[in-house]
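Take 1 as the starting number for the sequence shown in UniProt numbering and just add one per residue.
These notes concern the structure reproduced below.
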Amino acid sequence: MKFHVLTLFPEIPRAFFESSIMAKAVDRGIIAYDLVNIRDFAFDKHKTCDDSPYGGGAGMLMLPEPLGLALESVKARRKRVIYVTPSGKPFTQKLAQELSREEELVFICGRYEGIDQRIIDSWVDDEISIGDYVLSSGEIAATVIIDAVYRLVDGVISSESLDEESYSGGLLEYPQYTRPEVYGGMSVPEVLLSGHHENIRKWRLEKRLAKTLANRPDMVCEARRDGLLTAEAEQMIETITGQVRKSVRKKKRPKTDKFSGRSD
Ligand code: ADE
1 MKFHVLTLFP EIPRAFFESS IMAKAVDRGI IAYDLVNIRD FAFDKHKTCD DSPYGGGAGM
61 LMLPEPLGLA LESVKARRKR VIYVTPSGKP FTQKLAQELS REEELVFICG RYEGIDQRII
121 DSWVDDEISI GDYVLSSGEI AATVIIDAVY RLVDGVISSE SLDEESYSGG LLEYPQYTRP
181 EVYGGMSVPE VLLSGHHENI RKWRLEKRLA KTLANRPDMV CEARRDGLLT AEAEQMIETI
241 TGQVRKSVRK KKRPKTDKFS GRSD
């Protein structure tokens, strides 16, 4: 798979492509990349890439001509073009999986107040946001998306790791422990030391469900809608929610004054 990144600051994504697992995937020929400096396509002697918006308003916009030439240089007409912007559709694991099936992706990294709408209308296939906040740079957002996508490409990491991680099967990940057995007075849960595979599987499923219910109840509803929850998981959810209800009731019960017997 090949990533083309169109940017005014190639050094930001370059650090990512040259590090860690990505660097290995590039070495092994599974991933290729191309960092295109939009400034190389500016045509005045100052290499200008931005100007003020028509109609007034704060900030500067990226000029369409250098960006259009940069897109032509990577033959973007025949590739899926992504513009990273806080006004885009939300980036999700599902979208990462879909993008990981493309042969090539082109990313446009905006700076300043964004890019000219005519570039979006004529070149962009997807406008994607990585979250409901505004970053000063599209480079960071594009790198986040590339990270989530490339690791799903066959051969980058083991399929076993992908199966069990957060979001697989529509649930968050279970807690993990490594040596030592006791750390800071806290022990590794007994069941994980038992070697009993079936009990470990059940414990992990229950922990995934409890964590997802606590942190992302919306994901449990979605997993149910998508038919991802087994009868066993539904039974565990009943038990977990019953326990939570009980503990909430206990907390709400008025405390009695142990000397007067009066409640407050
Ligand atoms: N550029 C600036 N903020 C962004 C965001 N939240 N998502 C994608 N691109 C961005």
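All residues carry an ideal CB built from backbone N, CA and C; glycine is no exception.
Being a predicted model, the structure only gives us computed values, none of them experimental.
Given HIS46 as reference, the closest of PRO66, LEU162, ASP34 once Cα atoms are compared: Of PRO66, LEU162, ASP34, the residue nearest in Cα terms is PRO66.
Straight-line CA distance for ARG208 to ILE157? Looking at the backbone, the Cα of ARG208 and that of ILE157 are separated by about 22 Å.
Based on the DSSP output, what are the partners of ASN37 in its beta bridges? Answer is THR7, bridged to ASN37.
Near GLU11, which residues of its chain fall below 8 Å by C-beta distance, leaving aside the five closest residues on each side in sequence? Cβ within range, chain order: n/a, list empty.
Can you tell me whether GLY170 is buried or exposed? The criterion is at least 16 other CB atoms within 10 Å of its CB, across all chains shown. Buried, since its Cβ has 16 or more Cβ neighbours within 10 Å.
Boundaries (first-last residue) of the beta strand (DSSP E) holding LEU229: For LEU229, no beta strand (DSSP E) encloses it, and the DSSP letter there is neither H nor E.
When VAL106, ARG80, GLY110, TYR183 are compared against MET60, the one with the closest alpha-carbon: The shortest Cα separation from MET60 among VAL106, ARG80, GLY110, TYR183 belongs to GLY110.
With respect to 7 Å, is the separation between the Cβ of SER129 and the closest non-hydrogen atom of ligand 1 below this value? Checking every heavy atom of ligand 1 against the Cβ of SER129, one is found closer than 7 Å.
State the start and end residues of the unbroken alpha helix (DSSP H) segment that holds THR212. Boundaries of the alpha helix (DSSP H) around THR212: 197-215.
Reference ALA210, options LEU172, VAL188, GLU198, closest by Cα: Of the listed residues, the one whose Cα sits closest to ALA210 is LEU172.
At a cut of 8 Å, does the segment 102-109 reach the segment 77-85 through at least three beta carbon pairs? The count of Cβ pairs closer than 8 Å, one atom from the segment 102-109 and one from the segment 77-85, reaches three, so the stretches are in contact.
Can you find a heavy atom of ligand 1 that lies under 7 Å from the Cβ of VAL149? No, Cβ of VAL149 sits at least 7 Å from all heavy atoms of ligand 1.
If contact is defined by three or more beta carbon pairs under 8 Å, each pair taking one atom from either stretch, is the segment 85-94 in contact with the segment 120-130? Contact holds: three or more Cβ-Cβ distances are below 8 Å.
Cα-Cα separation, THR178 to TYR150: Roughly 27 Å separates the two Cα atoms.
Could you give the first and the last residue of the continuous alpha helix (DSSP H) run that contains VAL124? In the DSSP annotation of this structure, VAL124 is not part of any alpha helix (DSSP H), being labelled neither H nor E.
Measuring only from the beta carbon, is THR143 closer than 7 Å to any heavy atom that is part of ligand 1? Residue side-chain check: THR143 keeps its Cβ at 7 Å or more from all non-hydrogen atoms of ligand 1.
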